[in-house]
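Here the structure is laid out as structure tokens; the discussion comes afterwards.
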Amino acid sequence: MDFIFANQSLYYLTKQAFKEAVQEFYELCNEGAIIFATMMSDKGYSMYERGELMDNGLREVKGCPSGRLSGSSYIRFTKDIEELKEDFKPFKPLFWGDYELINLYN
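Residues in the sequence shown are numbered consecutively from 25, following the working numbering.
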């Protein structure tokens, strides 16, 4: 495999399942392959109600202010760039980046 695109999907995995997926991606990749992945910052989803951190690394997230979504999701938030580097450790980074969401509902 030469390219993996994991946009807004990996943060729904438990910590263990995420670790296994990243290792499997690494083993599937050809030399020089690129992985593009997005994770959810701990700073994101501040306008949603969050549950406590569970043993599997996920938090329940509910209460969409726009009313567009109902029910709950379970997300594994990333604390900072250092945690992101640790999470994707088998890969050699080309770029690490982050941004903060604008809260349009406050």
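Heads up, the beta-carbon is just placed ideally off N, CA and C, and yes, glycines get one too.
- Put simply, the stretch 104–119 does not touch the stretch 70–82. Fewer than three CB pairs are less than 8 angstroms apart.
- Taking the CA atoms as reference points, LEU108 sits about 7 angstroms from THR102.
- Within the stretch 41–105, the runs of beta strand (DSSP E) that reach at least 3 residues and sit entirely inside it are, in chain order, 58–61, 83–86, 96–99.
- Under DSSP, PHE29 forms a beta bridge with PHE60.
- One alpha carbon belongs to GLN40, the other to ILE105, and they sit about 19 angstroms apart.
- The C-alpha of MET63 lies about 23 angstroms from the C-alpha of ASN54.
- Per the coordinates, the alpha-carbon of SER65 lies some 21 angstroms from the alpha-carbon of ILE28.
- Inclusion of ILE99 and TYR35 in the CB contact set at 8 angstroms is warranted, their separation being smaller than that value.
- Counting only residues of its own chain and dropping the five nearest sequence neighbours on each side, ASP26 has a CB closer than 6 angstroms to the CB of ASN54, ALA57.
- One alpha carbon belongs to ASN31, the other to PHE42, and they sit about 14 angstroms apart.
- Excluding the 5 residues flanking it on each side, ALA45 has same chain C-beta neighbours closer than 8 angstroms at LEU34, LEU37, in chain order.
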